[in-house]
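Shown next, in structure tokens, is the structure this report addresses.
Numbering (the numbering used here), first residue to last: 1 to 629.
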């Protein structure tokens, strides 16, 4: 590994506090911080607590003041409603300031929580920024979540106000949000004072006179308000991660560290320049949407795209490439599952050839492991740099990446490249000792975590410490397993509970998935361990075949068994392979391997609230019965 990245990373390693104080100078603070991080009475770290800033000011006002008000800030593209519009930085500032005034008039003040339960429309972004403008703490709940799950989050966050819309629009269906919201508010123990409802033309929802306020009506008489300075350690938002049971886990993000990390990452991780068009094809309900649809691109003065559609079926598998051509997108960031869906429906990438994508410089993938076959397919079909990077809801930005803003390193299929400056990544064995190069173990990060990462769980410090800090003293436990090779490249092999024990041998299901996914007929797959009376566990694979494959399923299954045996050895013992129409996933595209294991083992299904379509388990149960598994 050559010089620039190494020099930059070593600068961080030698003095993390000085490094991050230097990076904080990227931003216009009301009061610049003099201390990088402090520890509270629980031993938890907080960044820039003595600084004063406002995240909304950084996202919109500073650019208007600097003379960039006419530049495009937000592009809304909705193939599901056949509408599109864009906002300049000045227009966005005006809308946000007015909506912040609406919230203030309802008694929302600094530190109050606001739950946002909205589809992918500009008003959702305006609501988030308006909260930041007045120091309120927003908690976005994925639009269309079940009423019970929304109620649980309302009870945990205790919001002063809920922002919602009359409906969400999906492919061939309309989801009436207001009915779900009303049911959630009725069942929640905590009683919300007011709701502001944005009425969409597809459905007009009846409003409750004492509680509900029409968004458009409120905005007609609204007066804009200025940003309110907050301390660097003041919470910006709470984002709930999916849990199967019990109280949801609210990841807290603080203003100061978040702003510094977002600005730094747009340059270092994504290689962007102010004025570029950055498209994150995700949802604001996820951390990816918070970080890279809303805050980071706007803070860095890029145009950001809010896409209300899907990679396929809006209208077809060329949707992404149409958006790239239409808005001259510089960089596209999505999840591997999106591109696997495109590959399944358009294996030869004919859609890509239809459009002028010459503006596109790089493809970024994260959210789940980028399997080498998808990586290879994208590289071959697009000719673009395909950059895997690894991060979590908890960290808010990339733990490992190809740091193209510093130095574009050679890529390796299956690797998210190297640790991002700020993250001191180690691989530890079960005893807490550091693993040798190429030896798999638990992936951990030496404390303190860098700016932008969670300082705690909302109102649950003990849960934070027990879940993340207790396994290895002085380290954050990522929950992922992997290894670092002899060149310093990090390979994430999957969650540590995806390592299975076959007759005393610890085997990585991620490694088997690589082999299975490489078969030319396979679009995507999941390998997971199931109980075995003799060996403890055995691997099983569920495989989705490409649309243009019309051969024998049985033949593919036999070939896969033999290939895994040849490449890993007989001990891998992958004999159970089943071709299925689709795999169970969360809305963000993560395959629910744990639930597949529970299904096969006959355990009670603990399905996460973020599942895309619960009915899939009925389909799989019938298919398992037909296959006598």
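Every residue gets a Cβ at the ideal spot worked out from N, C-alpha and C, and that includes glycine.
Bear in mind that the values here come from a model prediction, so they are computed numbers and not experimental data.
**Prompt:** What do you reckon, are the CB atoms on residue 218 and residue 72 nearer than 8 Å?
**Reply:** Residue 218 sits at position 218 when you count from the first residue of the chain shown. Residue 72 sits at position 72 when you count from the first residue of the chain shown. It is not a contact, given that the beta carbons lie outside the stated cut-off.
**Request:** Give the straight-line distance between the Cα atoms of residue 441 and residue 87, rounded to the nearest whole angstrom.
**Result:** By one-based count along the chain shown, residue 441 stands at place 441. By one-based count along the chain shown, residue 87 stands at place 87. Across the structure, residue 441 and residue 87 are spaced so that their CA atoms are roughly 47 Å apart.
**Rounded separation between residue 416 and residue 222 - CA only** = Within the chain shown, residue 416 is the residue found at index 416, counting from 1. Within the chain shown, residue 222 is the residue found at index 222, counting from 1. Here the alpha carbon of residue 416 sits roughly 47 Å from the alpha carbon of residue 222.
**Asked** Should the segment 274-287 be regarded as contacting the segment 117-126, the criterion being three or more beta carbon pairs within less than 8 Å?
**Response** Counting Cβ pairs under 8 Å, three or more are found: they touch.
**Message:** Assuming residue 311 and residue 342 are in contact, meaning their beta carbons sit under 8 Å apart, how far apart are those beta carbons, in whole angstroms?
**Reply:** Position 311 of the chain shown, counting from 1, holds the residue named residue 311. Position 342 of the chain shown, counting from 1, holds the residue named residue 342. Sure, about 5 Å apart at Cβ, within 8 Å.
**Asked** In terms of residue numbering, what span does the alpha helix (DSSP H) encompassing residue 321 cover?
**Response** As a position in the chain shown, residue 321 is number 321, starting the count at 1. Counting along the chain, the alpha helix (DSSP H) containing residue 321 begins and ends at 319-327.
**Request:** Determine contact between the segment 550-568 and the segment 613-629, defined as no fewer than three beta-carbon pairs at a distance below 8 Å.
**Result:** Contact between the segment 550-568 and the segment 613-629 is absent, with fewer than three C-beta pairs closer than 8 Å.
**Item:** residue 187 - containing alpha helix (DSSP H), residue span
**Value:** In the chain shown, counting from the first residue as 1, residue 187 sits at position 187. Boundaries of the alpha helix (DSSP H) harbouring residue 187: 177-187, taken from the DSSP string.
**Message:** Using only the alpha-carbon positions, how far apart do residue 625 and residue 260 sit?
**Reply:** As a working note, residue 625 is residue 625 in the chain shown. As a working note, residue 260 is residue 260 in the chain shown. Roughly 53 Å separates the two Cα atoms.
**Message:** Threshold first: 4 residues or longer. Then list the alpha helix (DSSP H) segments lying entirely within the segment 109-135, N to C.
**Reply:** The alpha helix (DSSP H) runs of length 4 or more contained entirely in the segment 109-135 are, from start to end of the chain, 122-133.
**Prompt:** What is the rounded straight-line gap between the Cα of residue 131 and the Cα of residue 142?
**Reply:** Start at 1 with the first residue of the chain shown, and residue 131 comes out as number 131. Start at 1 with the first residue of the chain shown, and residue 142 comes out as number 142. Spanning the two alpha carbons is a distance of roughly 17 Å.
**Message:** Quick check on the DSSP output: what are the complete alpha helix (DSSP H) runs of length 4 or more inside the segment 519-571, in order along the chain?
**Reply:** Segments of the alpha helix (DSSP H) lying fully in the segment 519-571: 553-568.
**Message:** Need the endpoints of the alpha helix (DSSP H) that residue 249 sits in, please.
**Reply:** Numbered from its first residue, the chain shown carries residue 249 at position 249. Unbroken run through residue 249 is the beta strand (DSSP E), 249-254; no alpha helix (DSSP H).
**Asked** Thinking C-alpha only, which one of 278, 201, 196, 299 is nearest residue 213?
**Response** Stepping through the chain shown from its first residue, residue 213 is reached at position 213. Selection 278, 201, 196, 299 evaluated against residue 213 yields 196 as nearest (Cα-Cα).
**Assigned secondary structure, residue 29 (DSSP; H/G/I helix, E/B strand, else coil)** = As a working note, residue 29 is residue 29 in the chain shown. Coil at residue 29, not helix or strand.
**Contacting residues, own chain, Cβ-Cβ under 7 Å from residue 313 (five flanking each side not counted)** = One-based indexing of the chain shown puts residue 313 at position 313. Within the same chain, 171 come within 7 Å of residue 313 by CB-CB distance, once the 5 residues on both sides are set aside.
**Message:** Applying the 10 Å Cβ sphere with the 16-neighbour rule, what's the burial state of residue 65?
**Reply:** The residue given as residue 65 occupies position 65 in the chain shown. With fewer than 16 other Cβ atoms within 10 Å, it is exposed.
**Message:** According to DSSP, simplified to helix, strand and coil, what is residue 621?
**Reply:** Your numbering for residue 621 matches position 621 in the chain shown. Residue 621 falls in the helix class under three-state DSSP.
**Asked** Looking at C-alpha atoms only, which residue of 486, 400, 404 is the closest neighbour of residue 450?
**Response** What you label residue 450 is simply residue 450 of the chain shown in a count that begins at 1. Of the candidates 486, 400, 404, the one whose C-alpha sits nearest the C-alpha of residue 450 is 400.
**Message:** If distances are taken between C-alpha atoms only, which option among 572, 16, 607, 99 comes closest to residue 47?
**Reply:** Residue numbering aside, residue 47 sits at position 47 when the chain shown is read from its first letter. Distances from the CA of residue 47 to each of 572, 16, 607, 99 were compared; the closest alpha carbon is that of 16.
**Request:** Taking all protein chains shown into account, decide if residue 109 is buried (16 or more other Cβ within 10 angstroms of its Cβ) or exposed.
**Result:** As a position in the chain shown, residue 109 is number 109, starting the count at 1. Residue 109 is exposed by the Cβ-count criterion.
**Prompt:** So residue 299 is in the beta strand (DSSP E); what residue range does that whole segment cover?
**Reply:** Numbered from its first residue, the chain shown carries residue 299 at position 299. Unbroken run through residue 299 is the alpha helix (DSSP H), 296-299; no beta strand (DSSP E).
**Request:** Could you work out which residue in 409, 474, 181, 413 is closest to residue 426 when comparing CA atoms only?
**Result:** Here residue 426 refers to the residue found at position 426 of the chain shown. Comparing Cα-Cα distances from residue 426 to each of 409, 474, 181, 413, the minimum goes to 474.
**Prompt:** How do the segment 225-233 and the segment 134-149 stand: do at least 3 beta-carbon pairs fall below 8 Å, yes or no?
**Reply:** With the cut-off at 8 Å, the segment 225-233 and the segment 134-149 touch.
**Prompt:** Which term fits residue 358, buried or exposed, when burial requires 16 or more other beta carbons within 10 angstroms of its beta carbon?
**Reply:** Stepping through the chain shown from its first residue, residue 358 is reached at position 358. So residue 358 ends up on the exposed side.
**Message:** What would DSSP say about residue 243, mapped onto helix, strand or coil?
**Reply:** Stepping through the chain shown from its first residue, residue 243 is reached at position 243. Confidence is the limiting factor: at residue 243 the pLDDT is only 49, short of 50, which leaves the residue's position unreliable, though a coordinate-based value still follows. When secondary structure is reduced to three states using DSSP, residue 243 falls in the coil class, being assigned neither helix nor strand.
**Request:** Output the boundary residues of the beta strand (DSSP E) element that contains residue 78.
**Result:** Within the chain shown, the letter at position 78 stands for residue 78. Per DSSP, residue 78 belongs to the beta strand (DSSP E) from 72-78.
**Request:** With a cut-off of 8 Å on the beta carbons, I'd call residue 351 and residue 78 a contact; round off their distance for me.
**Result:** Taking the chain shown and counting its residues from 1, one reaches residue 351 at position 351. Taking the chain shown and counting its residues from 1, one reaches residue 78 at position 78. No, residue 351 and residue 78 are not in contact; Cβ-Cβ is about 19 Å, not under 8 Å.
**Item:** Beta-carbon separation (whole angstroms), residue 576 vs residue 538, contact threshold 8 Å
**Value:** In the chain shown, residue 576 corresponds to position 576, counting from 1. In the chain shown, residue 538 corresponds to position 538, counting from 1. The distance from the Cβ of residue 576 to that of residue 538 is about 7 Å, consistent with a contact at the 8 Å cut-off.
**Request:** Alpha carbon to alpha carbon, how far is residue 464 from residue 600? Give it in angstroms, no decimals.
**Result:** Here residue 600 corresponds to residue number 600 of the chain shown, with the count starting at 1. Here residue 464 corresponds to residue number 464 of the chain shown, with the count starting at 1. Distance between the alpha carbons of residue 600 and residue 464: 32 Å.
**Asked** For residue 162, does the three-state DSSP call read helix, strand or coil?
**Response** Within the chain shown, residue 162 is the residue found at index 162, counting from 1. Residue 162 carries a strand assignment under DSSP once its states are collapsed to helix, strand and coil.
**Asked** Is the CB-CB distance between residue 393 and residue 361 below 8 Å?
**Response** As a first step, residue 393 must be located in the chain shown, where it is residue number 393. As a first step, residue 361 must be located in the chain shown, where it is residue number 361. No, these two residues do not count as a Cβ contact at 8 Å.
**Asked** Nearest CA to the CA of residue 487: which residue from 433, 480, 446, 419?
**Response** Within the chain shown, numbered from 1, the residue matching residue 487 stands at position 487. Out of 433, 480, 446, 419, 419 has the C-alpha closest to the C-alpha of residue 487.
**Prompt:** Name the DSSP beta bridge partners of residue 235, please?
**Reply:** Taking the chain shown and counting its residues from 1, the one referred to as residue 235 is at position 235. When DSSP reads this structure, residue 235 sits in a beta bridge with 254.
**Item:** Minimum C-alpha distance to residue 257 - residue among 397, 8, 557, 461
**Value:** On the chain shown, residue 257 is found 257 positions in, with the first residue counted as 1. Nearest to residue 257 by C-alpha distance, out of 397, 8, 557, 461, is 397.
**Prompt:** Quick one, are the C-beta atoms of residue 224 and residue 353 less than 8 Å apart?
**Reply:** Taking the chain shown and counting its residues from 1, the one referred to as residue 224 is at position 224. Taking the chain shown and counting its residues from 1, the one referred to as residue 353 is at position 353. With respect to residue 353, residue 224 sits apart: the two C-beta atoms are not nearer than 8 Å.
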